[in-house]
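Its first residue numbered 560, the sequence shown is counted upward by one per residue in our numbering. To start, the structure itself, in structure tokens.
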Amino acid sequence: MSVYQDILDRARAHERRQRRPASSTASLAPAPVAPPSDNGERLTHIRDLLAEPEDAVSWIVDGMLPAGGLSGIFSKPKAGKSTTARAIVLHVARGEPVLGRTTTQGPAVYIGLEDHRRVIRGHFRVLGAQASDDLYVFSGTRPDAALAWLEGVLAKVDPVLVVVDTLQHMLSIRDMNDYSGTVEALRQVLGLVRSRRGHIMIVHHAGKGDRSGFDAILGSTGILGTVDTALLLRRREDGPRTIATRQRTGEDLPESVLVLDDHQEPRLEGLRADIDQRQAEGRVLDWLATQPDPVSRAEVLAGVEGDANVNTRALYALAKRGNRIARTGRGVKGDPFLYACIPLYPHAGMQEGESAQEPRRAATIACMPDSAPEALPLPTGMQETDPDTAARDAMREGA
560 MSVYQDILDR ARAHERRQRR PASSTASLAP APVAPPSDNG ERLTHIRDLL AEPEDAVSWI
620 VDGMLPAGGL SGIFSKPKAG KSTTARAIVL HVARGEPVLG RTTTQGPAVY IGLEDHRRVI
680 RGHFRVLGAQ ASDDLYVFSG TRPDAALAWL EGVLAKVDPV LVVVDTLQHM LSIRDMNDYS
740 GTVEALRQVL GLVRSRRGHI MIVHHAGKGD RSGFDAILGS TGILGTVDTA LLLRRREDGP
800 RTIATRQRTG EDLPESVLVL DDHQEPRLEG LRADIDQRQA EGRVLDWLAT QPDPVSRAEV
860 LAGVEGDANV NTRALYALAK RGNRIARTGR GVKGDPFLYA CIPLYPHAGM QEGESAQEPR
920 RAATIACMPD SAPEALPLPT GMQETDPDTA ARDAMREGA
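This is the structure we're talking about:
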């Protein structure tokens with residue numbers, strides 16, 4: 560008999576005992592007298608509270624998933640939450656880093672109640688799961704007496720991480736928008752793990768409406784308020800996935816780009832803000848390369864597509880580095896800052912009679928590459944002589 564069948568049988572027996580009607584004799588028995596309240600004795604004076612030593616936090620995933628804690632991974636459909644959750648639980652079972660963070664190795668459990676068994680099996684195979692991995696998997700419909708069953712799993716396996724995919728399939732909360740009902744259901748789950756070494760991660764959907772950020776989590780705000788860590792995945796319209804966290808303990812992870820490789824391994828590729836700025840810098844440079852004269856910030860923002868704030872930061876960053884665009888002017892009324900692309904070859908393209916101060920206005924200029932702090936060297940034969948003289952000499956040689 561498998562460990563799960565044993566736990567399931569005991570959970571069903573417990574549920575039958577709970578449903579058994581009370582005997583008439585029992586109904587005549589006096590109600591038990593409640594013991595006197597000791598709430599007053601549990602009060603702690605602030606001086607004693609402040610004198611207590613700080614509790615060291617143990618982490619299942621360093622700085623993200625605390626031992627004895629509850630987390631949620633949330634996203635709209637098909638954004639990668641189940642994929643990411645399965646990768647996390649496998650890496651924890653192996654004690655391997657995940658999302659750039661170390662993990663605490665130990666038995667792990669994945670409870671898949673939404674995806675078909677073949678999908679779960681196929682994904683673990685793609686991830687490279689081995690028979691030797693200390694990972695237990697349940698797939699199918701919700702077990703009877705689900706919380707009692709889950710408590711049995713915790714007692715028998717003593718896992719360091721349990722992933723429940725998904726929240727609603729496990730708890731069958733009647734109204735996800737009911738704050739008190741949702742909080743009470745999650746409180747019971749939290750109560751199962753608070754005193755243990757493990758961590759429970761619930762997978763849950765984000766809504767399809769216009770709500771954004773952590774407000775997009777489907778259902779009551781009590782979900783966000785109850786979990787110790789909320790991981791929010793988002794698949795942006797321009798393609799990349801992002802992930803961010805909001806945590807009760809540890810530092811929040813700012814929105815970062817999340818890449819799933821060929822093996823469906825999640826990998827962080829940097830902060831979304833940094834990547835957005837680099838993309839904006841490219842757009843600014845491309846547009847400046849088409850401008851024959853220096854332009855103002857307002858002209859840049861009017862001509863470059865994208866968020867104005869991001870484009871402004873990109874423009875200022877380029878100007879500060881000073882190796883790809885030049886800024887002139889004093890930034891005051893009557894003498895505003897003006898921006899121009901630094902040409903790839905500052906002296907190339909001059910016609911006879913032109914000076915360095917009067918370059919030929921071309922429709923398109925090649926901007927200085929990012930890797931070069933200064934102008935690239937000119938082609939052989941043009942480094943130390945006037946470009947017009949060199950051109951005439953070359954013509955004569957070829958004549």
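A virtual CB, placed ideally from N, CA and C, is assigned to each residue, including glycine. These numbers were taken from a predicted model, which means no experiment stands behind them.
Assigned with DSSP and collapsed to three states, Ser-731 falls in coil, not helix or strand. By the neighbour-count definition (other C-beta atoms within 10 Å, threshold 16), Ser-630 is a buried residue. A direct Cα-Cα distance of roughly 7 Å separates Leu-860 from Thr-871. In this structure, Leu-694 keeps its C-beta atom at 8 Å or more from the C-beta atom of Leu-751. For Gln-806, the enclosing beta strand (DSSP E) has its first and last residue at 800–806. Rounded to the nearest angstrom, the Cβ distance from Leu-844 to Cys-900 is 7 Å, consistent with a contact under 8 Å. An exposed status is given to Glu-613, since fewer than 16 other beta-carbon atoms sit within 10 Å of its beta-carbon. For Ser-815, DSSP records a beta bridge to Ile-802, Leu-830. In the DSSP annotation of this structure, Phe-896 is not part of any alpha helix (DSSP H), being labelled neither H nor E. In the DSSP assignment, Leu-777 falls outside any alpha helix (DSSP H) and carries neither an H nor an E. Counting along the chain, Ala-867 sits inside the alpha helix (DSSP H) bounded by residues 867–880. The Cβ atoms of Pro-853 and Thr-887 sit closer than 8 Å to each other. Taking every protein chain shown into account, the CB of Lys-640 has 16 or more other CB atoms within 10 angstroms, so this residue is buried.
The beta strand (DSSP E) runs of length 3 or more contained entirely in the region 644–695 are, from start to end of the chain, 667–671. The beta carbon of Ala-765 sits closer than 7 Å to the beta carbons of Phe-633, Ser-634, Lys-635, Ala-775, Ile-776, Leu-777 from its chain, once the five residues preceding and following it are set aside; these are given in chain order.
DSSP lists Gly-671, Val-762 as the beta-bridge partner residues of Asp-724. In the structure shown, the three-state DSSP call for Ser-855 is coil. Rounded to the nearest whole angstrom, the CA to CA distance from Arg-880 to Gly-740 is 55 Å.
By the neighbour-count criterion, in which 16 or more other beta carbons inside 10 Å mark a residue as buried, Asp-835 falls on the buried side. As the crow flies, the alpha-carbon of Ala-646 is around 8 Å from that of Val-657. When rounded, the separation of the alpha-carbon atoms in Asp-734 and Arg-842 is 47 Å. Beta-bridge analysis with DSSP links Pro-825 to Leu-819.
Straight-line spacing of the CA atoms in Ala-885 and Asp-833 works out to 22 Å. The Cβ-Cβ distance between Gly-757 and Val-719 falls below 8 Å. With a cutoff of 8 Å on beta-carbon distance, Glu-828 and Ala-873 are scored as not near each other. Taking the CA atoms as reference points, Gln-806 sits about 11 Å from Gly-628. In chain order, Phe-896 place their CB closer than 6 Å to the CB of Gly-890, counting only its own chain and leaving out the 5 sequence neighbours on each side. Here Asp-787 is buried, its C-beta having at least 16 other C-beta atoms within 10 Å. The continuous beta strand (DSSP E) containing Thr-887 extends over residues 884–887. The beta carbon of Pro-799 sits closer than 6 Å to the beta carbons of Val-816 from its chain, once the five residues preceding and following it are set aside; these are given in chain order. DSSP, read as helix, strand or coil, puts Gly-639 in coil.
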